[in-house]
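Start counting the sequence shown at 0; every next residue gets the next number (numbering that gives the first Met the number 0). Where is the CB? At the ideal position from N, CA and C, for every residue including glycine. What you are looking at is a predicted structure, and each value in this text was computed from that prediction instead of being measured.
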Amino acid sequence: MRIPGASVVVAGGIVAYQTELKHTLLGVDPALLAAHGPVDPEVARQMAAGARRRLTLGGRGADIGVATTGVAGPDPQGDRQPGTVYLGLSIGTESSAVLLTLTGDRAAIRAKTVRAAVEAVRGLIATLPTE
0 MRIPGASVVV AGGIVAYQTE LKHTLLGVDP ALLAAHGPVD PEVARQMAAG
50 ARRRLTLGGR GADIGVATTG VAGPDPQGDR QPGTVYLGLS IGTESSAVLL
100 TLTGDRAAIR AKTVRAAVEA VRGLIATLPT E
């Protein structure tokens with residue numbers, strides 16, 4: 000990470016490009032993956048919840064899970080066009096997914112996805128009670 004001290008708030012991450020790893024590392028239902036493929040809102044929700052479970056420190060799961068699954072391009076994936084991305088978010092007992100329909104080349108789509116994920120996490124943090 001570029002920001003000093005980020006490890007105080009970011010426990011870690013899991014990169015699971017391959018569909019099988021979405022199941023084995025993040026616990027996404029294999030029947031869901033078989034039926035809908037990896038670019039799906041429920042897959043994004045399950046990935047975010049799985050990240051929270053897997054990134055456990057001191058017996059406590061992560062407070063917020065964020066996941067992305069999509070098509071950066073240049074080619075479509077199945078019936079999904081480049082720029083189709085689902086952002087999964089998980090906090091407490093709730094998980095949600097947001098459809099992003101992005102434009103640009105592969106690098107632009109990836110950068111826009113990261114910006115959207117950071118903004119979504121910022122929004123979740125704003126909803127947390129202050130101590």
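- Item | Length of the line joining the Cα atoms of P40 and T129 | To locate residue 40, count along the sequence shown from 1; it is residue 41. To locate residue 129, count along the sequence shown from 1; it is residue 130. In a straight line, the C-alpha of P40 is about 30 Å away from that of T129.
- Distance between I90 and G82 (C-alpha atoms, nearest Å): If you number the sequence shown from 1, residue 82 lands on position 83. If you number the sequence shown from 1, residue 90 lands on position 91. Taking the straight line joining both Cα atoms gives about 26 Å.
- Taking E161 as part of the alpha helix (DSSP H), name the residues at either end of that continuous run. One cannot answer for residue 161 here, as it falls past the ends of the chain, which runs 0 to 130.
- For L98 versus Y85, is the C-beta spacing smaller than 9 Å? In the sequence shown, counting from the first residue as 1, residue 98 sits at position 99. In the sequence shown, counting from the first residue as 1, residue 85 sits at position 86. Yes, the Cβ-Cβ distance between L98 and Y85 is below 9 Å.
- Terminal residues of the continuous alpha helix (DSSP H) containing T23? In the sequence shown, residue 23 corresponds to position 24, counting from 1. Going by DSSP, T23 is part of the alpha helix (DSSP H) stretching over T18 to T23.
- Task: From the DSSP output, in three-state form, read off Q76 for me.
- Result: Counted from its first residue, the sequence shown places residue 76 at position 77. The answer is strand: DSSP assigns Q76 an E or B state.
- Could you give the distance in angstroms between the alpha-carbon of V38 and the alpha-carbon of S6? Working through the sequence shown from its first residue, we reach residue 38 at position 39. Working through the sequence shown from its first residue, we reach residue 6 at position 7. Taking C-alpha positions only, V38 is separated from S6 by approximately 29 Å.
- Query: Taking T92 as the reference, which of G57, L25, R105 and R52 has the closest Cα?
  - Reply: For this step, residue 92 is matched to residue 93 along the sequence shown. Here the closest residue by C-alpha is R52.
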